[in-house]
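Each remark here refers to the structure printed beneath this line.
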């Protein structure tokens with residue numbers, strides 16, 4: 001690695017001739033010969049996996065789209081540097097009839113357009129490098145406490161907080177009101193040497209914290225996400241920002257579902273939830289997918305549940321682009337394990353477990369609409385399958401039919417609610433980052 005420059009001495013550039021050492025090394029050639037790349041799909045028969053899309057008269061009347069964005073803000077460029085991340089999340093809601101009425105008008109009234117921008121926003125500033133809270137002794141404790149207080153404070157306009165919704169989800173309060181629930185935290189946030197810690201609901205304090213019997217310190221319910229495992233006092237907490245975005249977006253989804261059930265459970269069958277990510281929990285948060293599968297089953301059995309996870313990038317989206325010409329309009333490609341591992345993922349199929357069974361709570365499909373738009377959509381299921389069939393994915397045609405109605409031309413293969421939500425919560429590198437940097441430095445240095 002070449003040297004960077006902080007002073008008057010020149011920047012050391014990388015060598016322009018050292019590549020020949022790599023090219024002429026037999027061990028490098030041997031390693032390259034062992035690599036496997038999934039083949040392109042030219043000539044691949046997909047007919048056996050295709051299902052004709054059958055548009056249904058679904059009960060869906062409302063759309064709730066959930067999205068989030070974040071940006072890194074440097075607080076100090078000189079050594080020692082310091083950084084924080086600003087997050088903004090939103091739940092966008094509108095009526096499907098308002099969108100349909102808008103599509104029939106020749107001239108769009110700003111007041112009509114405003115009906116599609118009914119959004120609740122929440123914000124989170126999180127110090128991630130070279131900084132910590134004044135009431136915390138370490139960066140790890142600072143991040144843990146900030147996230148805990150954020151979830152305890154935010155209600156999205158309801159009487160209960162996101163932290164209360166996390167307890168409802170973790171201890172399965174939707175099934176019963178007993179306090180016998182528990183969850184084993186795989187690592188103690190106060191040190192790996194302390195082993196795991198069981199979060200027992202009956203031992204939980206009123207503020208949703210627990211007392212560690214070994215250290216005497218607090219363990220927060222939000223430690224269930226295990227973000228502390230990725231935080232280094234030297235390298236910082238930049239590695240957690242994607243997981244923070246994912247977990248908060250999921251909690252917003254759960255929060256809306258919970259309060260709909262509480263106030264008007266019959267309304268669930270009229271709502272399509274859309275998240276701007278696959279239906280899965282990943283990395284250190286992956287174990288939460290098992291709780292989501294259990295909630296899926298309960299919702300499908302007791303109510304109607306409509307949810308779609310949209311993907312805009314990645315291997316599956318690239319594969320869908322390859323299929324654009326060969327896949328007929330108004331068709332659905334049901335992706336089974338054999339197909340995924342043959343043409344999309346370089347991994348090796350597990351004969352005993354479905355694809356991504358340790359993180360997903362839904363199955364992916366590739367959907368080509370009647371007008372030729374391509375979507376990679378994840379839909380929740382009761383149980384994951386290695387070879388999912390049409391009947392294994394509840395509400396498949398109802399959800400995809402609604403997605404077809406929501407198409408917009410703002411971006412390639414875009415959906416209006418996702419595009420609007422992203423516009424309303426995303427934070428650009430410029431000028432948002434510069435403005436937030438000035439704002440943050442003014443607040444911090446004025447103390």
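Residue numbers (the UniProt record's numbering): 1 to 447. C-beta atoms are modelled at their ideal positions from N, C-alpha and C, and glycine is treated no differently.
- Taking C-beta atoms as the reference points, residue 300 and residue 272 fail to come closer than 8 Å.
- A direct Cα-Cα distance of roughly 10 Å separates residue 267 from residue 257.
- For residue 26, no beta strand (DSSP E) encloses it; the enclosing alpha helix (DSSP H) starts and ends at 26 to 33.
- Within the DSSP secondary-structure output, residue 363 pairs in a beta bridge with 379.
- Judged by DSSP secondary structure, residue 146 falls within the alpha helix (DSSP H) whose first and last residues are 139 to 153.
- Take residue 347, set aside five residues on each side of it, and the residues of its chain with a beta-carbon closer than 7 Å to its own are 341, in chain order.
- Annotated as proximal: residue 283 and residue 243, with beta-carbon spacing under 8 Å.
- Spanning the alpha carbons of residue 163 and residue 196 requires a straight line of approximately 22 Å.
- Taken atom to atom, the span from the alpha-carbon of residue 54 to that of residue 403 is near 13 Å.
- Judged by DSSP in its simplified three-state form, residue 341 adopts helix.
- With the rule of 3 Cβ pairs closer than 8 Å, the segment 248 to 263 does not count as touching the segment 321 to 331.
- In the three-state reduction of the DSSP assignment, residue 190 falls in the coil class, being assigned neither a helical nor a strand state.
- Straight through space, the alpha carbons of residue 51 and residue 390 are spaced by roughly 8 Å.
- Exclusion of the five residues before and after residue 320 leaves 366, 374, 376 as the residues of its chain whose Cβ lies within less than 6 Å of its Cβ.
- Separation of residue 123 and residue 86 (C-alpha to C-alpha, rounded to the nearest whole angstrom) is 7 Å.
- Residue 398 carries a helical assignment under DSSP once its states are collapsed to helix, strand and coil.
- Each residue's CA atom was taken as its position, placing residue 204 and residue 210 some 5 Å apart.
- Counting the other Cβ atoms within 10 Å of the Cβ of residue 234 gives fewer than 16, which makes it exposed.
- Going by C-alpha positions, residue 140 is about 27 Å away from residue 277.
- Comparing C-alpha distances from residue 212 to each of 199, 206, 241 shows the shortest one belongs to 199.
- Rounded to the nearest angstrom, the gap between the Cα atoms of residue 143 and residue 246 is 16 Å.
- In the same chain as residue 133, and ignoring 5 residues on each side of it, the C-beta atoms closer than 6 Å to its own belong to 142, in chain order.
- Close CB contacts of residue 240 within its chain, under the 6 Å cut and outside five residues either way in sequence, are with 227, 230 (chain order).
- Note on residue 344: 16 or more other CB atoms within 10 angstroms of its CB, so buried under the neighbour-count rule.
- Per DSSP, residue 71 is not a residue of any alpha helix (DSSP H); the beta strand (DSSP E) it occupies stretches across 62 to 76.
- Cβ-Cβ distances below 7 Å link residue 316 to 344, 364, 376 in the same chain, with the five nearest sequence neighbours on each side left out; the list follows chain order.
- DSSP places residue 129 in the strand class (E or B) of the three-state scheme.
- With 16 or more neighbouring CB atoms inside 10 Å of its own CB, residue 165 falls in the buried class.
- Taking the C-beta atoms as reference points, residue 339 is found nearer than 8 Å to residue 49.
- For residue 297, DSSP records no beta bridge to any residue.
- The alpha-carbon of residue 188 is positioned some 22 Å away from that of residue 126.
- For residue 387 and residue 75, the gap between their C-alpha atoms comes out near 50 Å.
- Assignment of residue 392 by DSSP, reduced to helix, strand and coil, places it in the helix class.
- Counting along the chain, the unbroken beta strand (DSSP E) around residue 183 starts and ends at 182 to 185.
- For residue 236, the three-state secondary structure derived from DSSP is strand.
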